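**Q** Residues -14 to 132 (our numbering) make up the sequence shown, in order.
Every residue, glycine too, gets a C-beta built ideally from N, C-alpha and C.
What you are looking at is a predicted structure, and each value in this text was computed from that prediction instead of being measured.
The structure follows.
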Amino acid sequence: MAKVVLIYGSTTDNTAMLSEQVAAGLEQGQANVTVKNVTEASVDELVKYDAIVFGCSTWGEGDLQDDFVDFYDAMDGVSLDGKKAAVFGPGDKEDYPDSFCVAVDILEEALKEHGAELVAEGFKVDGEVEPAFEDAKEWGLKVAKAL
Ligand SMILES: Cc1cc2nc3c(=O)[nH]c(=O)nc-3n(C[C@H](O)[C@H](O)[C@H](O)COP(=O)(O)O)c2cc1C
C-alpha cells in the first residue's frame, strides 16, 4: 500500500474541502493517506512517504496561498528523488484569467526540480468547488492507480 501525504494550503477552506474528496479517491485506490494542513507539515517529513500530493489555491495574481510560501521556501535543496507526486488547486478563471491556478504550476515545477515524478496532470478547479467534488475524487483515484 503506497504511503501518500496530502498537504494543502487553504485560506477560505475551498482547497481543504477538495482535499477531503481527493483523499477519499486516493483511499478508494488503496493508498494509505495522511492529510495535513501545510501549517502543520514540515518538509523534513516528506521522505517518509512514497508519494506527495499538494493542494494549493492561487492568491494575489499568481501567488501561492499564503501558508504555503514558507513550506515552498523550505523545499530549497531537498531531494525528492524517487517520489511520485501530483498537484491540485482551485482558482478563478473569470477574475484571474492570466493567473488561473498558477499555484498548481508553481508547485509542479518545484516538485520536478527536486526530483519527484508527476504521475497525473494538475487538477485545476474553476470557481465553486462543490460541483467539482466528484471530479476531485476521481482525480484522487487516478493518482492512486498511477502509484
Ligand atoms: C484577492 C484574491 C486573489 C486571487 N487571485 C487568484 C489568482 O491569481 N488566480 C486564480 O486562479 N484565482 C485567484 N483567486 C481565487 C482563489 O484562488 C479561489 O477563491 C480559491 O477557491 C480559494 O481557495 P482557498 O479557500 O482554498 O484558499 C483569488 C481570490 C482572491 C479573493
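Please go through the same chain and pick out, in chain order, the residues whose beta-carbon is closer than 7 Å to the beta-carbon of Ser(-5), but skip the five residues on each side of it.
**A** Residue numbering aside, residue -5 sits at position 10 when the sequence shown is read from its first letter. Cβ within range, chain order: Ala1, Ser42 and Gln50.
**Q** Can you list, in chain order, the residues of its chain whose CB lies under 7 Å from that of Thr24, leaving out five sequence neighbours each side?
**A** Position 39 of the sequence shown, counting from 1, holds the residue named residue 24. Excluding positions up to five away in sequence, the list reads Asp52.
**Q** Quick check: the region 28 to 47 against the region 86 to 93, are there 3 or more CB pairs under 8 Å?
**A** Cβ pair count under 8 Å is three or more, so yes.
**Q** Is it right to say Val32 is buried, meaning 16 or more other beta carbons lie within 10 angstroms of its own, or is it exposed?
**A** The count along the sequence shown starts at 1 and reaches residue 32 at position 47. By the 10 Å Cβ count, Val32 comes out exposed.
**Q** Excluding the five sequence neighbours on either side, which residues of its own chain have a C-beta within less than 6 Å of the C-beta of Lys68, listed in chain order?
**A** By one-based count along the sequence shown, residue 68 stands at place 83. So the list reads Ile37 and Ala101, once near-sequence residues are dropped.
**Q** Using only the alpha-carbon positions, how far apart do Ala9 and Asp83 sit?
**A** Residue numbering aside, residue 9 sits at position 24 when the sequence shown is read from its first letter. Residue numbering aside, residue 83 sits at position 98 when the sequence shown is read from its first letter. Cα to Cα, the separation comes out at about 31 Å.
**Q** For the beta strand (DSSP E) containing Phe56, name the first residue and the last one.
**A** Translated into the one-based positions of the sequence shown, residue 56 becomes position 71. That residue, Phe56, is in no beta strand (DSSP E); its alpha helix (DSSP H) goes Phe53 to Ala59.
**Q** Using three-state DSSP, classify Leu132 as helix, strand or coil.
**A** Position 147 of the sequence shown, counted from the first residue, corresponds to residue 132. Leu132 falls in the coil class under three-state DSSP.
**Q** Of all the options Lys127, Phe73 and Gly40, which has the alpha carbon lying nearest to the alpha carbon of Lys109?
**A** As a position in the sequence shown, residue 109 is number 124, starting the count at 1. Among Lys127, Phe73 and Gly40, the Cα nearest to that of Lys109 belongs to Phe73.
**Q** If I measure Cβ to Cβ from Lys(-12) and keep anything under 6 Å in the same chain, skipping five residues before and after, which residues do I get?
**A** As a first step, residue -12 is located in the sequence shown; it is residue number 3 there, counting from the start. These residues qualify, in order along the chain: Asn17, Tyr34 and Asp35.
**Q** Of all the beta strand (DSSP E) runs that stay within the bounds of the region -9 to 49, which reach a length of 3 or more residues?
**A** As far as the region -9 to 49 is concerned, its whole beta strand (DSSP E) runs of at least 3 residues are 17 to 22 and 36 to 41.
**Q** Compute the minimum distance between the beta carbon of Gln50 and the heavy atoms of ligand 1, and state whether it is under 7 Å.
**A** The count along the sequence shown starts at 1 and reaches residue 50 at position 65. True, at least one ligand heavy atom lies under 7 Å from that Cβ.
**Q** Given the structure, does Glu46 come close to ligand 1, in the sense that its CB is under 7 Å from one of the ligand's heavy atoms?
**A** Position 61 of the sequence shown, counted from the start, is the residue given in the question as residue 46. Checking the Cβ of Glu46 against ligand 1 gives yes.
**Q** How big is the Cα-Cα spacing for Gly62 and His99?
**A** As a position in the sequence shown, residue 62 is number 77, starting the count at 1. As a position in the sequence shown, residue 99 is number 114, starting the count at 1. Spanning the two alpha carbons is a distance of roughly 8 Å.
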